[in-house]
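Taking it in order: structure first as structure tokens, then the write-up.
Residue numbers (my numbering): 875 to 1082.
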């Protein structure tokens, strides 16, 4: 099975980079129609946690495909990425999917980023990533990335008036409501992090 790890990671990484490139291309097109600069398109592109998470996943998969060993390929990091990308897919499916109806290339990018890549990365984590180093206490550190993202999203929203997701729209909901939403999101990430460690330990025991 381990002989398939690098080819699998390479194929998944290629799909991830294709999806991200397609979405960026589409956003450049939207910006041109609205008279915006490419720089604003890039800032808007990275204002979505979907894009941030898929970028991190693609980097991790790419490094794994080349056999590189660093922070991005550590079992704890890859487990955290699995949690992030699962939550991305879950929140999109439950809260955001019905807010728009993409078509054509946008529908393809949407499907790849929210469904295909999460499924591929989760399968990669289940099949190939070591689970023995996982610790329940380590899940607290996994909240750093989402926390930094939320700070950036709220800062950008305060400056531009544009918020990436309705549940982070401080201009409409107010910061008191946003604080509750952020606490709820933190609980979701932490809860699924604990579930990932539990499942990882179960998978490790089964493997042994």
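Ideal Cβ placement from N, Cα and C applies to all residues, glycine included.
*Mind checking residue 961: buried by the 16 CB within 10 Å criterion, or exposed?*
Of the other Cβ atoms in all chains shown, 16 or more fall within 10 Å of the Cβ of residue 961; this residue is therefore buried.
_Once DSSP output is grouped into helix, strand and coil, what is the label at residue 882?_
Correct three-state label for residue 882: helix.
*Whole-angstrom Cβ separation of residue 1035 and residue 1045, contact assumed at under 8 Å?*
At roughly 6 Å, the Cβ-Cβ gap stays under 8 Å, so residue 1035 and residue 1045 are in contact.
*Identify which residue in 984, 1007, 880 has its Cα closest to the Cα of residue 1075.*
Of 984, 1007, 880, the residue nearest in Cα terms is 1007.
_Assuming residue 1020 and residue 1072 are in contact, meaning their beta carbons sit under 8 Å apart, how far apart are those beta carbons, in whole angstroms?_
In this structure, residue 1020 and residue 1072 do not form a Cβ contact; the two beta carbons are roughly 20 Å apart against a cut-off of 8 Å.
_the stretch 1026 to 1041 in contact with the stretch 990 to 1010 per 3-pair CB rule at 8 Å_ = Using a Cβ-Cβ distance cut-off of 8 Å, the stretch 1026 to 1041 and the stretch 990 to 1010 are not in contact, since fewer than three pairs of beta carbons, one from each stretch, lie closer than that value.
*asked:* Rounded to whole angstroms, what is the Cα-Cα separation between residue 1066 and residue 934?
replied: Rounded to whole angstroms, residue 1066 to residue 934 spans 20 Å at the Cα level.
_Which of helix, strand or coil DSSP assigns to residue 947_ = If DSSP states are grouped into helix, strand and coil, residue 947 belongs with the helices.
*Is residue 1038 helix, strand or coil when you go by DSSP?*
Correct three-state label for residue 1038: coil.
*First through last residue of the alpha helix (DSSP H) which encompasses residue 913*: That run of the alpha helix (DSSP H) goes 912 to 919.
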